[in-house]
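Below is one structure; the comments refer to it alone.
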Amino acid sequence: MTSAYNVKDMRSRGVVKLKDKDMFSVWVKTACCNMTSRQLRGLADITEKFARGSLLFTTRQIPIIPFVKLEDVEKLQEELKKVYLSLDRCGPTVRNVNVCYDDKICPEAVTSPLSLGQKLDYFFNVPMPHKVKIGVAACKKDCIISRALTDIGFVGVEKNGRKGYDVYVGGRLGVNAFLGVKMAESLSESECVKLVRNYFDFLNTEGKGEERIADVINRLGVERVQAELKRNLHEAAPVEPTDCQTALKENETGKSVVRVRATCGEVNAQQLRKIADIAEKYGKGFVHFVVRGSPEIPCVDQENMEAIRAQLREVGLELLDGGVDNLQSCFGGYCTEGNANPQSLLKRIEKLNDGLASGNLNITVSASGCPNSCGIAHLNDIGFLGVVDAQVTRENCNGCRLCVPVCKRKAIKIENDVAVIDQERCEHCGQCITVCPFDAIVGTRRGFAALVGGKTGEDTRLGEVIAEFLTEDEAFRIAERCLKLLTENKKNAASLIDEVGIEKFKEMLVPAARSF
């Protein structure tokens with residue numbers, strides 16, 4: 003049985019329902035966002051035995067195995083234990099800690115995020131009724147996009163000869179996207195741990211329902227939250243660091259990182275084994291999971307790149323060294339909340355890659371099946387969200403109010419025993435349609451919303467919506483036209499928009515699809 007209660011409980015344990023009957027996705031936790039070659043081969047075997055022979059490298063920097071039958075979940079977990087793996091989580095709970103490369107691998111790293119990440123992973127086992135995402139970046143480039151993707155983001159900095167972390171709090175995407183607010187500067191590792199301890203205490207006492215910290219900031223204000231988080235940072239908050247068996251002891255900053263193209267993060271079992279073999283033969287025996295879903299093999303000698311390229315081709319893979327960056331999505335095509343199929347769209351856009359300038363990795367494209375933006379659509383030059391136009395059929399509505407609490411935008415109210423949707427506030431996620439048992443709220447249009455101008459790094463910013471309810475063909479034509487504009491101008495979308503303005507930029511794209 004998979005009642006609503008049980009489905010919610012399973013999500014909190016990393017087992018998430020898919021559209022297909024009795025099909026689930028299983029979320030696997032990583033240590034330091036790395037996995038050893040042995041673990042990768044174990045995952046390959048597991049996907050063939052219990053799923054459909056493939057897995058996803060995801061924006062959460064973990065692998066997700068789709069199409070697992072509920073009856074096989076416990077057996078799958080037993081197989082994971084054999085390679086020292088466990089499940090991550092979904093829903094209102096503490097997630098896997100996100101980190102990037104440390105200063106033994108990345109020449110631009112200021113700090114060692116692995117060291118702090120191992121300490122903060124202690125909080126993974128602390129029960130919480132709120133969603134908590136924690137990330138540690140080694141420098142201001144913020145490759146894990148902590149300012150937008152984590153509730154608590156630590157960014158490595160060096161100021162006045164002292165190395166430490168600036169802290170950003172409140173980052174999230176979705177229908178109420180929020181960029182993290184800087185709450186502290188140049189903290190030591192011990193101060194960071196104490197701040198997280200304060201965060202948990204504060205959210206448990208002041209957080210309402212399933213509020214995230216962004217909601218608390220909006221409700222109580224930045225100054226109140228900042229005061230609580232920075233309280234007594236000099237006091238020790240001892241934790242037991244987790245083991246990261248892929249942490250390096252020697253400096254490898256002179257080596258290269260192999261980036262593997264994996265559109266939509268999809269990698270099959272045969273490809274996974276090949277990646278594991280390459281990591282073992284040419285690297286340090288492990289693979290790094292990154293936000294954009296492209297498997298990375300660090301610590302490789304440049305002289306071995308062509309040999310690696312040839313071996314990848316044997317299994318239908320290629321190096322990520324030309325065209326646009328890896329096209330990443332969520333699993334919206336088979337997610338219960340998906341309003342459109344991002345995988346289908348991105349695989350069409352991928353074919354445009356051959357016409358782009360070689361070596362241009364400054365352009366990013368991503369898509370998500372719904373406005374939750376698990377595929378980080380807000381943070382790209384070109385992003386797409388699956389949307390649905392929800393309308394109330396008055397004669398079917400009895401004013402039951404089930405739709406009111408599920409609307410994260412607070413766009414629904416009951417007037418004269420009938421639901422009324424504020425279309426100006428609505429973000430077209432479709433949750434009200436899903437929850438309505440009387441077909442009183444129906445979707446009149448489905449398709450993609452197009453966003454442009456998203457940017458990551460020190461100047462992280464969210465993309466702007468320029469069109470909604472596009473068909474896949476219309477979305478594809480906008481992507482095609484936008485890619486052409488950016489390559490011709492040799493600029494990213496954010497820079498071009500700053501130069502010509504959003505309305506002019508929008509006019510440039512109009513011929514690509516119907517007028518919007």
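In this text, residue positions in the sequence shown follow the numbering used here: the first is 3, and each later residue adds one.
C-beta atoms are modelled at their ideal positions from N, C-alpha and C, and glycine is treated no differently.
{"Asked": "Alpha carbon of A33 to alpha carbon of C246, nearest angstrom", "Found": "6 Å"}
{"Asked": "Start-end ranges of the alpha helix (DSSP H) lying completely within the stretch 179-254, minimum 4 residues", "Found": "191-208, 215-222, 224-231"}
{"Asked": "Alpha-carbon spacing of K286 relative to N253, whole angstroms", "Found": "12 Å"}
{"Asked": "Paired residues, beta bridge with R12 - DSSP", "Found": "First, the amino acid is wrong: residue 12 is Met here, not Arg. Note: M12 sits in no beta bridge, so no partner."}
{"Asked": "Identity of the residue in L151, Y86, L354 nearest H265 by Cα", "Found": "Inspection of the sequence shows that residue 265 is occupied by Thr rather than by His. Selected option, being the one with the closest Cα: L354."}
{"Asked": "Chain B contact for G324 (CB, 7 Å cutoff)", "Found": "You won't find chain B in this structure, because it holds only one protein chain."}
{"Asked": "C-alpha gap between P300 and P115, whole angstroms", "Found": "16 Å"}
{"Asked": "Between the CA atoms of D168 and E187 - distance to the nearest angstrom", "Found": "4 Å"}
{"Asked": "Run of the alpha helix (DSSP H) containing Q345, from where it starts to where it stops", "Found": "344-352"}
{"Asked": "A525 in three-state terms, based on DSSP", "Found": "Absent from the model: residue 525. The displayed extent of the chain is 3 to 518, so no value can be given."}
{"Asked": "Heavy atom of the ligand GTP within 6 Å of F126 beta-carbon", "Found": "For the structure depicted, the ligand GTP is absent and the ligand set is empty, with no information on it obtainable."}
{"Asked": "Selected residue, minimal CA-CA separation from E50, among F69, I64, Q63, N36", "Found": "F69"}
{"Asked": "P407, enclosing alpha helix (DSSP H) - first and last residue", "Found": "405-408"}
{"Asked": "N100 in three-state terms, based on DSSP", "Found": "strand"}
{"Asked": "Range of the contiguous beta strand (DSSP E) that encloses N494", "Found": "First-last for N494: undefined, no H or E at that position."}
{"Asked": "Unbroken alpha helix (DSSP H) run spanning V437, endpoints", "Found": "433-437"}
{"Asked": "Residue from Y103, A469, A140 whose Cα sits closest to the Cα of V159", "Found": "A140"}
{"Asked": "Distance, V218 Cα to N127 Cα", "Found": "23 Å"}
{"Asked": "Continuous alpha helix (DSSP H) assignments of at least 4 residues falling wholly in the stretch 9-55", "Found": "39-52"}
{"Asked": "Close-in-space but distant-in-sequence residues of the same chain around G119 (CB under 7 Å, 5 per side omitted)", "Found": "C34, V99, V101, V138"}
{"Asked": "H132 burial status per 10 Å Cβ neighbour count (16 or more: buried)", "Found": "buried"}
{"Asked": "Which of helix, strand or coil DSSP assigns to E397", "Found": "helix"}
{"Asked": "8 Å contact criterion, which K276 and E316 should meet: CB distance rounded", "Found": "7 Å"}
{"Asked": "Endpoints, the alpha helix (DSSP H) within which F507 is located", "Found": "504-511"}
{"Asked": "Helix, strand or coil at D168 according to DSSP, with G and I counted as helix", "Found": "strand"}
{"Asked": "G173, buried or exposed, once every other Cβ within 10 Å from all chains shown has been counted against 16", "Found": "buried"}
{"Asked": "Boundaries of the alpha helix (DSSP H) in which E282 is found, first to last residue", "Found": "271-284"}
{"Asked": "Q330 - DSSP class collapsed to helix/strand/coil", "Found": "strand"}
{"Asked": "Own chain residues within Cβ distance below 7 Å of R516, not counting five before or after", "Found": "Summary for R516: the model assigns pLDDT 49, below 50, so the residue's position carries little reliability; its value from the coordinates is reported in the next sentence. Only E476 meet the Cβ criterion."}
{"Asked": "Between the CA atoms of L487 and G125 - distance to the nearest angstrom", "Found": "Here residue 125 turns out to be Phe, not Gly, going by the sequence shown. For F125 and L487, the distance between alpha carbons rounds to 45 Å."}
{"Asked": "Backbone CA spacing between V406 and L381 [nearest angstrom]", "Found": "29 Å"}
{"Asked": "Local conformation of G176 per DSSP, three classes", "Found": "coil"}
{"Asked": "Run of the beta strand (DSSP E) containing S258, from where it starts to where it stops", "Found": "258-261"}
{"Asked": "Same chain, Cβ closer than 6 Å to I499, five either side skipped, listed in chain order", "Found": "G455, F507"}
{"Asked": "Boundaries of the alpha helix (DSSP H) in which P115 is found, first to last residue", "Found": "115-122"}
{"Asked": "Own chain partners of Q433 with C-beta closer than 6 Å, once the 5 adjacent residues on each side are dropped", "Found": "V408"}
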